[in-house]
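Trainee: Numbering (the working numbering), first residue to last: 111 to 220. For glycine and all other residues, C-beta sits at the position ideal for the given N, C-alpha and C. My structure is below; once you've seen it, I'll send some questions.
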């Protein structure tokens, strides 16, 4: 008596087991996943710079209107923004370069 013969006689049981396994796997991953780190920062500046590595962009988020109002193109998807007040620096982790962002004209400055 093989598995095929056993399954033919118990189609409902096999279906219930298959659906249960398909549901249990993603639910288990969701329960066991630690989540993503989040930093809750207190913002004094009205503008905050954010990055989007998949679109190779760094953008200025205007907190008053909750909207991006400017962006600069980057050359790498591994970028980080360092911001202190109005001073904004773009750090390219791949190329190990640092460029200053001129917020007035939204351009990169060497």
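(1) Taking the alpha-carbon positions, what's the residue 175 to residue 217 distance?
(2) Quick test of the definition: if touching needs 3 or more C-beta pairs under 8 angstroms, does the stretch 163-170 touch the stretch 129-145?
(3) Counting C-beta neighbours from all protein chains within 10 Å, is the total for residue 132 16 or more, i.e. buried, or is it exposed?
(4) Where DSSP assigns a beta bridge to residue 209, which residues make up the other side?
(5) Only counting the same chain, and skipping five residues up and downstream in sequence, which positions put a Cβ closer than 6 angstroms to that of residue 208?
(6) With a cut-off of 8 angstroms on the beta carbons, I'd call residue 211 and residue 182 a contact; round off their distance for me.
(7) Tell me whether residue 169 sits in a helix, a strand or coil according to DSSP, three-state version.
Mentor: For this structure:
(1) Cα to Cα, residue 175 sits roughly 22 angstroms from residue 217.
(2) Contact between the stretch 163-170 and the stretch 129-145 is not established, with fewer than three Cβ pairs separated by less than 8 angstroms.
(3) Residue 132 should be labelled exposed.
(4) Per DSSP, 200.
(5) Counting only Cβ-Cβ distances below 6 angstroms, and skipping sequence neighbours, we find 199, 201.
(6) So it is a contact: roughly 6 angstroms between Cβ atoms.
(7) Reduced to three states, the DSSP call for residue 169 is strand.
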